[in-house]
Amino acid sequence: MNGTARRPPVAALAIFLVALTLRPAITAVGPVLGRIGDDLGLGEAGLGLLGALPLIAFAVVSPLVHRLSARGGVERTLLWALVGLTAGIILRSWTGQAGLWIGTLVLGAAIAISNVLVPVVVKGDFPGRVSWATGLYSAFIAGSAAVGAAVAVPLADVGGWRLALGAWALLAAAVTVVWWVRSRRRHVAAAVPEPDLAHATVWRSPTAWLVTLYMGLQATTFYVLVTWLPTIEVAAGYSEHTAGVHLFVFQIVGIVGGLAVPSLMRPDSQRAAAVAGALTLVTGLAGMLLAPDLILVWVAITGIGSGASLVVSLTLMSVRGRTAAEATQLSGMAQSLGYALAAVGPVAAGVLGELTGGWTPVLVMLLTAALLQIGVGIAAGTGRDPGPKAT
């Protein structure tokens, strides 16, 4: 049985609204990171930890999502995740310093649940069109992420960094209502069965580990840049507003990469798409190092590669799972370990920048990750499922 029942078109569109909530609460932080540090007395290492907290939550919570959805159903679990996201944004933005840290963890946990379940819902709502639907909802993710970055500084100019971060509770609350209406129309109880054998099979699979590593490498690049790109550019002499615009460009062009890369995918192979996404990242990051005067060009190219790599990662999670249960297990594994790897990125970048007094070593670190991603993409881009071969 699929993880979600087939939906009429209007109800199926609700999943794309959920996609709108998955990144703005995170991408709004980077452009106002300096203001948060000045207000709360946090240095680069502390701010790097703040940027990494959602990823730590992703890593811890993702493996638990399968059991949660098996007990409460995919629809209801996703509904509670949206409620948690709304509460986490409010807690982070409008309470004291303790609330900043606790709220960030809460919203990170909520997004982690959604990250795992959205591919499962897509697999059920759009059977036979997984790559197309994944590209589309990834475009929604990229678009909302870009808007979150773009409006952060203007909102902070009006009401401080708390308004810049807290405003996204309104979107999360609205989408929560929409999803509640959908889930009431047709409740799916225990939509994903809980086969322990599937869990063991996925964790023993070389293919699953390759998908996980590809996910982790692309996520590392994305979250380091979302957290630190404005700071890197301000250090290079750009204004805070210009750096915010560049971060918007980085994310909005991800839509182009996300919508274009499915054309490189075949039912039996995603290798060309996996390599293309990683190679585009290499081009952009190398350009930042070798020709920094053309920073906007390289930011755009890197954004295209990031959007493409995200779609490849999410598609691999969906198509490598033979059933909804296995897809949920693979998604949980890939996102748990992938985001654990990615969580190291913003912290390492902050420490590296603080120790060296510059940001070139950080870009070299990201370029190395992108080069490794090419090799992983070659290996991960083929294979039929995450289970070991029968003996």
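At position 86 of the sequence shown the residue is numbered 86 (full-length UniProt numbering), and the sequence of numbers has no breaks. For every residue, glycine included, the Cβ atom is placed at its ideal position computed from N, Cα and C.
Does the beta-carbon distance from V181 to V249 come in below 7 Å? no
Can you give the Cα-Cα distance for A28 and L22, rounded to whole angstroms? 12 Å
Taking the straight line between their C-alpha atoms, what separation do you get for T242 and V151? In this structure, the straight-line span from the alpha carbon of T242 to that of V151 is close to 12 Å.
For V130 and V122, believed in contact at Cβ under 8 Å, the rounded distance: 6 Å
When the Cα atoms are used, what is the spatial distance from G257 to A272? 13 Å
Close Cβ partners of P195 (< 6 Å) along its chain, the five nearest in sequence each way excluded: Per-residue confidence for P195 stands at a pLDDT of 46, beneath the threshold of 50, marking its modelled position as unreliable; the derived number appears in the next sentence. Only A325 meet the Cβ criterion.
Alpha helix (DSSP H) containing V297: first to last residue? Unbroken alpha helix (DSSP H) run through V297: 295-319.
Is the region 331-342 close to the region 210-218, with three or more CB pairs under 8 Å? In short, these stretches touch, since the Cβ pair count reaches three.
Write down every uninterrupted run of the beta strand (DSSP E) in the region 40-101 whose length is 3 residues or greater and which is fully enclosed by it, in chain order. none
Suppose you measure from the CA of I113 to the CA of H66; what does that come to, to the nearest Å? When rounded, the distance between both Cα atoms is 9 Å.
T382 by DSSP, collapsed to three states: which one? strand
Closest by C-alpha distance to L55, when choosing among A25, L40, L229: A25
Completely contained alpha helix (DSSP H) runs for the region 144-180, where each covers 4 or more residues: none
Check whether the region 352-372 and the region 133-140 are in contact - that is, three or more C-beta pairs closer than 8 Å. No: the two stretches stay apart, fewer than three of their Cβ pairs being nearer than 8 Å.
Do A278 and A380 have their beta-carbon atoms positioned less than 7 Å apart in this structure? no
Helix, strand or coil at R266 [DSSP, three-state]: DSSP, reduced to helix, strand and coil, places R266 within a strand of the structure shown.
With distances taken between CB atoms, is the gap from residue 475 to L330 smaller than 7 Å? No information on residue 475 is available, as it lies outside the stretch 1 to 391 that the chain covers here.
Among residues of its own chain, excluding the 5 on either side of V226, which ones have a beta-carbon nearer than 6 Å to its beta-carbon? T27, G30
Determine the contact status of G305 and L281, defining contact as a CB-CB distance below 7 Å. yes
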